[in-house]
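Oh and the sequence shown: position 247 is 247 in UniProt numbering, straight run, nothing missing.
The structure appears below as structure tokens.
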Amino acid sequence: MLIDVSRVVASKTIFPALACYNTARPLVRCIHRTEKKFENHNELPNENRYSPLSNLLAFAGKWPENDRKSFVGDMRVLENFMTEQEELSLLEEIEPYLKRLRYEFDHWDDAIHGYRETERKHWFPANRAILDRVVAVAFDGAAMPYVHVLDLAEDGVIKPHVDSVRYCGHTIAGISLLSDSVMRLVRTNNEEQTNEEYRQIFSKDRDKKFWADVLLPRRSLYVMRHTARYDFTHEILAGEDSRFGERHIKKTRRVSIICRNDP
């Protein structure tokens, strides 16, 4: 079972079940649509206004222009990355094993609830071909051999974290199965923080924060690299918090197939 997923930004404290969130190499193909342009960062929306740069990405808070440009280049989503038949093929391979596992709700450091997970190195040929596409797109053909499978229950929660630099490199890529969801990425302050402060980073001095919500449609691929991977916490919004702009995005059970590159 994969444990060891996140770290406190500066102190590099490791959180168990979120840390290596992915373990193989993700695919990268980007889908950025028409952006709304701002003359300077003072014109960027405040925390109560979203300004979609595409129909999958929404910015909030006062973004410095350079940070916004870096983020747009490093956080990518490829919509309709796979077909319904390919989704079914992946699920048919992993479901028999996942069904033997219980959802875990009592995580030791309160970072993730309602999940079960596994790692796989060997896949059926048809599914290996899907993962090879991910590796080709996101990692230029070089990813870690083990792929992380994370099954999040409908009421499951992944809290803000930054994946450990000890277990994966500068790129994380994930395929979203079974459900749409919203990933929120909040700029960290890069200061020493306790575990509790780390998880509460978004609630403190919120007027000084800037963040982005990314819509992850079912069967899409996200690729998170460099700035987006290291300088932002990421989480999956749940329940009534699962909103993209004014829309509520109902998250049901979500299975993600995650690839990473070497540290």
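Beta carbons are placed, not taken as given, at the ideal position from N, Cα and C, and that holds for glycine.
The structure displayed is predicted, hence computed values, not measured ones.
Check: Bounding residues of the alpha helix (DSSP H) (the contiguous stretch that carries Lys62); Outcome: Per DSSP, Lys62 belongs to no alpha helix (DSSP H) and is neither H nor E.
Check: CA-to-CA distance, Thr188 to Arg199, given in whole angstroms; Outcome: Summary for Arg199: the model assigns pLDDT 49, below 50, so the residue's position carries little reliability, and this model does not support an answer.
Check: Buried or exposed (CB count within 10 angstroms, at least 16 for buried), Tyr115; Outcome: buried
Check: Bounding residues of the beta strand (DSSP E) (the contiguous stretch that carries Val135); Outcome: Not the beta strand (DSSP E): Val135 falls in the alpha helix (DSSP H), residues Pro125 to Phe139.
Check: Collapsed DSSP secondary structure at Lys250 in the structure displayed; Outcome: coil
Check: Contact check, Tyr230 vs Gly174, beta carbons under 8 Å; Outcome: no
Check: Residues bridged to Arg76 (per DSSP); Outcome: Val223
Check: Ile257, buried or exposed, once every other Cβ within 10 Å from all chains shown has been counted against 16; Outcome: buried
Check: Through-space distance from Ser164 to Lys250, alpha-carbon basis; Outcome: 29 Å
Check: Extent of the continuous beta strand (DSSP E) run through Leu215; Outcome: Phe210 to Leu216
Check: Host beta strand (DSSP E) of Leu150 (start-end); Outcome: Val147 to Asp163
Check: At least 3 beta-carbon pairs within less than 8 Å: the stretch 237-244 vs the stretch 150-159; Outcome: yes
Check: Proximity below 8 Å, CB of Ala143 to CB of Arg260; Outcome: yes
Check: Cα-Cα separation, Leu78 to Thr171; Outcome: 15 Å
Check: CB contact below 8 Å: Glu65 versus chain C; Outcome: As a matter of chain content, chain C is missing from the structure shown, which is built from one protein chain.
Check: contact_flag[the stretch 131-139, the stretch 211-220] where n(CB pairs < 8 Å) is 3 or more; Outcome: no
Check: Alpha carbon of Asp151 to alpha carbon of His161, nearest angstrom; Outcome: 17 Å
Check: Segment limits, alpha helix (DSSP H) that includes Leu91; Outcome: Glu84 to Leu98
Check: C-alpha distance - Asp74 paired with Arg225, whole-angstrom precision; Outcome: 5 Å
Check: The stretch 53-64 / the stretch 89-97 touching (three or more Cβ pairs under 8 Å); Outcome: no
Check: For Arg243: DSSP bridge partner residues; Outcome: His248
Check: Range of the contiguous beta strand (DSSP E) that encloses Met183; Outcome: Ser181 to Arg187
Check: Contact test: Glu95 Cβ vs the ligand COA heavy atom, cutoff 7 Å; Outcome: Among the ligands in the structure shown, none appear at all, so the ligand COA cannot be discussed.
Check: Cα-Cα separation between Leu57 and Gly169, rounded to whole angstroms; Outcome: 24 Å
Check: Exposure of Ala127, with buried meaning 16 or more beta-carbon neighbours within 10 Å; Outcome: The residue asked about is misnamed: residue 127 is Asn in this sequence, not Ala. That one is buried.
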